[in-house]
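Visitor:
Residue numbers (full-length UniProt numbering): 1 to 470.
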């Protein structure tokens, strides 16, 4: 990995263009020379990806439980989302449709076939060539709308199916040929890219709207909840689907940004792609009826907000992190290697923090005992018979605002520093100000012992004088 003049660089699998697939280790490492001894992982979704790959059942349950918090899914639709039931789609018989899809899949399943086969990493690698080429030709007017040449498209399709190396920059193919072939690939998948079992969830997400002050539902979309729900739903997509969806939505987002040149807005692009990535297979526009607008608007929303949709919500990140790091017993060596540098030096701050907490607890306990002794001493003086001696002792207490009266709270704000004194008044002052952070534990114990000893001596002196006066 070459070094750059900048501070950070990508590490882990993403290509130089920054449009890599959804890999586990898609993170950034700091290359600052001052921090080179302490590599830092910046991927906030590391533990999310780890949990998804190592414990998919736990991960799915975590994500789905939060999806149902945002959208209302009846029992059958929830079972379909979880994969416990076959999807029941509009205009189709689920059993017959499932049999038809299985039959077509068997007929198409040939080694090296990309088009019409279930989505695989090999297929994504082939199609990513089309996506990379289109990223360099986003200014073509009517991109994805204007059809290309069918003969050139068939040549390109055969080359992709056979795994032949293709030089798309040779000028043999036009951007409209490549764009149409990409739509063709998506349309020939056995099921839409967003999957059949997620279909009902997408309809519910499109219905998420804001409420007015009286709690009534409005027609204004609740963008924050829609983004959150899509983030969750995309987390439980099959890995190949999620990888390709990320590449595709980024391409469409960049295309829409050039709409002043290509005349293709996010809505226009959604009209082109919704039938391929979201509509159920083997249905017509009549089967979807009023849902067509909702589905098209849903894809428009995905394109506009695509840069936010492939990040896990913060609470999912935290749950995944706690799953691995919440208990020392569950922290593996790999986790420690990733979270710290190569030795035990980075564990020193953790040990130091633990010692500091223990020292703080001990100091608080000692301080509490001293305060109780002072309160007891004050009560004894207060209960003495009225005399000149009692008045003198009370005046001595009043001279020092740090002396605690019965029922008073422990002072919390430090007073200005004074010259340290080993007299009784100086020790009371030290009690109020607290112990300096730089003092050693032995010195703190010594000072606390002196305070307690002073309290005992004064109590004895008061008792002896009190008895002699009586």
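Virtual Cβ for every residue (Gly too), placed ideally from N, Cα, C. None of these values were measured; they are calculated from a predicted model.
How is residue 252 classed by DSSP in three states: helix, strand or coil?
Guide: Residue 252: helix per DSSP, three-state reduction.
Visitor: Measuring alpha carbon to alpha carbon, tell me which residue in 80, 116, 377, 206 is nearest residue 456.
Guide: Selected option, being the one with the closest Cα: 377.
Visitor: How would you write the range of the alpha helix (DSSP H) that residue 60 sits in, first residue to last?
Guide: Residues 56 to 70.
Visitor: Identify the continuous alpha helix (DSSP H) that holds residue 288 and give its terminal residues.
Guide: Note, residue 288: alpha helix (DSSP H), 285 to 288.
Visitor: Give me the DSSP bridge partner(s) of residue 209.
Guide: 221.
Visitor: Which two residues bound the contiguous alpha helix (DSSP H) that contains residue 317?
Guide: Segment 314 to 325, the alpha helix (DSSP H) holding residue 317.
Visitor: Would you give the residue range spanned by the alpha helix (DSSP H) that residue 75 belongs to?
Guide: Where residue 75 is concerned, the enclosing alpha helix (DSSP H) stretches over 75 to 81.
Visitor: Does DSSP classify residue 408 as helix, strand or coil?
Guide: The pLDDT assigned to residue 408 is 46, lower than 50, so where the model puts this residue is not dependable; a value taken from the coordinates is nonetheless given after this. DSSP places residue 408 in coil when its eight states are reduced to three.
Visitor: In angstroms, rounded to a whole number, what distance separates the CA positions of residue 323 and residue 54?
Guide: Roughly 12 Å between the two C-alpha positions.
Visitor: Using DSSP with H/G/I as helix, E/B as strand and the rest coil, what is residue 264?
Guide: Coil.
Visitor: Taking Cβ to Cβ, would you say residue 48 is nearer than 7 Å to residue 229?
Guide: Result no, Cβ atoms of residue 48 and residue 229 do not sit closer than 7 Å.
Visitor: Mind reading off the beta-carbon distance from residue 181 to residue 233? Whole number of angstroms is fine, and I expect it under 8 Å.
Guide: Not really, about 28 Å apart at Cβ, beyond 8 Å.
Visitor: Considering Cα atoms alone, identify which of 375, 392, 315 is closest to residue 63.
Guide: That would be 315, whose Cα lies nearest to the Cα of residue 63.
Visitor: Between the alpha carbons of residue 246 and residue 306, how many angstroms are there, rounded?
Guide: Their Cα atoms are separated by approximately 8 Å.
Visitor: Could you check the C-alpha separation between residue 256 and residue 120 for me, to the nearest Å?
Guide: Taking the straight line from one Cα to the other gives about 28 Å.
Visitor: How long is the line joining the alpha carbons of residue 395 and residue 453, rounded to whole angstroms?
Guide: Their Cα atoms are separated by approximately 22 Å.
Visitor: What residues in its chain sit with their C-beta under 7 Å from that of residue 240, if we drop five residues either side in the sequence?
Guide: Within the same chain, residue 240 has close Cβ partners 119, 120, 121, 124.
Visitor: In chain order, what residues of the same chain have a beta carbon less than 6 Å from the beta carbon of residue 127, not counting five sequence neighbours either side?
Guide: Cβ within range, chain order: 185.
Visitor: Use the C-beta contact count for residue 266: other C-beta atoms within 10 angstroms, 16 or more gives buried, fewer gives exposed.
Guide: Answer is buried; the Cβ neighbour count reaches 16.
Visitor: As a quick exercise: from 81, 65, 90, 61, pick the residue whose alpha carbon is nearest that of residue 280.
Guide: Minimum Cα distance to residue 280 is reached at 90.
Visitor: With contact counted as at least three CB pairs below 8 Å, one residue from each stretch, are the segment 205 to 215 and the segment 164 to 180 in contact?
Guide: Touching, no, given that fewer than three Cβ pairs across the two stretches are closer than 8 Å.
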